[in-house]
Amino acid sequence: MARAVSAAASLKLLASPSCAIFVKFPPNFLFSISSAAPVSTFCSKKKKKRDKEKGQKKTTTTVTAAFAKPNMEVLKRRTRSEKEFDEDYIKNFGDKDSHIPVLLGEVLDVFSPPFRLRSFVDCTLGAAGHSSAIIQGHREMQSYIGLDVDPIAHEKAQSRINSLLNNTPGSSFGLKACMLLKNFKEIKQVIRQADEKLLTSGVDGILMDLGMSSMQVDDAGRGFSMLNDGPLDMRMNPAAALKAEDILNSWPAAEVGRVLREYGEESNWCYLENKIVKARQEGGLHSTGELVDLIRSVTSRVKGGRQGWIKTAARVFQALRIAVNDELKTLEDSLYSCFNCLGPGGRLAVISFHSLEDRIVKQTFLSIIDDIQRKVERVDCNEGVHGDEPTKISDNDLVKKDAWIKQVVKGSTGTILTKRPITASLEEEKLNPRCRSAKLRVIQKV
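The sequence shown begins at 208 in the numbering used here and counts up by one.
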């Protein structure tokens, strides 16, 4: 009873005017209460805070769900292939399931009738999957040239193409095939060597598949795989002098850091650089397994879990491979050379596998079609022409005959037929997960 009276007296005291009143209510708690605010404000403070938190959580959930509902494929700057995927047909041009040609159906569409393919150059033979399908689909072809800098791939491709020409009735009639162990940066010299007339008339079609073949990745002795222990090699051309081991053990620390930063786009490049240089004092790095162990020791402090070190290792291996083979500079120079080798209306198709390659292909294509004043007509095949007067895309209604073309960029010297790159269908990704990052861009000469 005494406690009840005391509590009532305390409430009455709190209601009286005062600048600041300090009371013990309940015991062992100190409250500072301003007379300007009513008691109900302080009593409901926690309740309002709880309600506010509940409201925020509910709103966050709603926003998250709202972002999850739209089709994210539409938001990405690419065009998912709409071509019907024929798994059995694609496997016919693979290499015993170890290598499956990426975006084969889409590449065939690029060079499909009414496009006449009398001459064709495959700059990256690989297992000759793309070349075999294209040769079979174009009986009008008169000249074929295949290139590869890898002697193992070149030997397999040469055997496959020769077998195709010898065993397919009528396919070799009038077709002159030439397969050379060369880098695609030498395309002009190769065409002169194979068929000098093509330098004057120009080539109808050129294909560049920039990805590594599964044969190279799965061969631990080549040093491309981060999952199989092998020597730190990474040379596309085994006759080349520079190896990944040389970069890691003898290049200046600043250059090693630059390679990781620019070619691997690795955010943790500085710490990796220091660890690599420190490893030199203990004998250096000489195998892919030792490099992976070093990467795992670094990423364990920065990113937890298996996924963290695998992604970092992929970026490091990519950076070293690009540096060993000088891939980016070679690609940029070769794109100009390939376009110059095209005849009127000829097409150059390029499949890239990472953002650095795709960025170079995109920017080089834009540079190629640009005139001196750098004025480019941009045409949207779905929405019409962005301008006052309509402009024809081609004399033969290109878009109507080539359904795979969605948006183009038209310039003074050529037309980019893929304003947004074409990527693999979901069905192809399930069959061949390595094609997930593949992007196809196509340019046509005026």
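Cβ coordinates follow ideal geometry from the N, Cα and C atoms, glycine included.
Exposed or buried, what is residue i when buried is set at 16 or more other beta-carbons lying within 10 Å of its beta-carbon?
i: V212; result: For V212, the predicted model reports a pLDDT of 45, less than 50, meaning its position is unreliable; a value from the coordinates is still stated below. The residue is exposed, with fewer than 16 neighbouring Cβ atoms inside 10 Å.
i: C477; result: exposed
i: A451; result: buried
i: K637; result: exposed
i: R487; result: exposed
i: P308; result: buried
i: E313; result: buried
i: K652; result: buried
i: H306; result: buried
i: E473; result: buried
i: S370; result: exposed
i: H361; result: buried
i: A556; result: buried
i: S366; result: exposed
i: N373; result: exposed
i: N475; result: buried
i: K518; result: exposed
i: K617; result: buried
i: A446; result: exposed
i: K264; result: The pLDDT assigned to K264 is 42, lower than 50, so where the model puts this residue is not dependable; a value taken from the coordinates is nonetheless given after this. That one is exposed.
Distance, Cα to Cα, residue i vs residue j?
i: E634; j: S432; result: 25 Å
i: R503; j: D565; result: 28 Å
i: I454; j: E489; result: 16 Å
i: S239; j: A520; result: Any answer about S239 is weak, because its pLDDT of 42 lies below 50 and its placement is not dependable; what the coordinates show is given next. Each residue's alpha carbon lies about 58 Å from the other.
i: L434; j: R323; result: 44 Å
i: D436; j: L449; result: 20 Å
i: K482; j: L501; result: 7 Å
i: H561; j: S350; result: 31 Å
i: Y470; j: G418; result: 15 Å
i: N456; j: T506; result: 21 Å
i: G336; j: I413; result: 15 Å
i: I297; j: K536; result: 32 Å
i: I368; j: Q423; result: 20 Å
i: I629; j: S421; result: 21 Å
i: L310; j: L332; result: 15 Å
i: R287; j: P459; result: 43 Å
i: F300; j: D329; result: 15 Å
i: F327; j: E480; result: 44 Å
i: T625; j: I612; result: 7 Å
i: R465; j: V531; result: 14 Å
i: A610; j: S338; result: 22 Å
i: I398; j: V463; result: 37 Å
i: T407; j: V317; result: 23 Å
i: P551; j: L573; result: 18 Å
i: I359; j: G553; result: 30 Å
i: M386; j: K363; result: 11 Å
i: G515; j: V649; result: 34 Å
i: P321; j: D402; result: 25 Å
i: L647; j: I623; result: 12 Å
i: G430; j: D416; result: 20 Å
i: V484; j: E534; result: 24 Å
i: A461; j: L315; result: 45 Å
i: L498; j: G428; result: 15 Å
i: L382; j: R325; result: 9 Å
i: Q614; j: R627; result: 7 Å
i: D411; j: S494; result: 44 Å
i: T620; j: G409; result: 15 Å
i: C545; j: L563; result: 19 Å
Just grab the DSSP bridge partners of residue i for me.
i: I623; result: V616 and I650
i: V557; result: M415 and R648
i: S544; result: Answer is none; S544 lacks a bridge partner.
i: R287; result: T630
i: A384; result: Y351
i: L549; result: V410
i: S366; result: Note: S366 sits in no beta bridge, so no partner.
i: S494; result: P438
Would you say residue i lies against chain C (beta-carbon separation less than 9 Å)?
i: K383; result: The displayed structure is made up of one protein chain only, and chain C is not part of it.
Closer than 8 Å: is that where the CB of residue i sits relative to any heavy atom of the ligand ATP?
i: C385; result: With respect to small molecules bound, the structure shown includes none, and the ligand ATP cannot be examined in it.
Going along the chain, which unbroken runs of the beta strand (DSSP E) with 3 or more residues stay wholly within the region 404-472?
-> Secondary structure within the region 404-472: the beta strand (DSSP E) runs of 3 or more consecutive residues, fully enclosed, are 410-416 (chain order).
Which runs of the alpha helix (DSSP H), 4 residues or longer, sit entirely within the region 308-356?
-> Considered as a whole, the region 308-356 harbours 311-317 and 336-344 as its complete alpha helix (DSSP H) runs of no fewer than 4 residues, in chain order.
For the region 386-406 and the region 350-364, state whether three or more C-beta atom pairs, one from each stretch, are separated by less than 8 Å.
-> In this structure the region 386-406 lies against the region 350-364, because at least three pairs of beta carbons, one per stretch, are closer than 8 Å.
Per the contact definition of three or more C-beta pairs closer than 8 Å, is the region 336-348 in contact with the region 568-578?
-> With the cut-off at 8 Å, the region 568-578 and the region 336-348 do not touch.
Quick check: the region 441-449 against the region 522-534, are there 3 or more CB pairs under 8 Å?
-> Flag = yes, the region 441-449 and the region 522-534 touch.
For the region 639-646 against the region 541-549, are there 3 or more C-beta pairs whose distance is under 8 Å?
-> Not touching, per the Cβ criterion.
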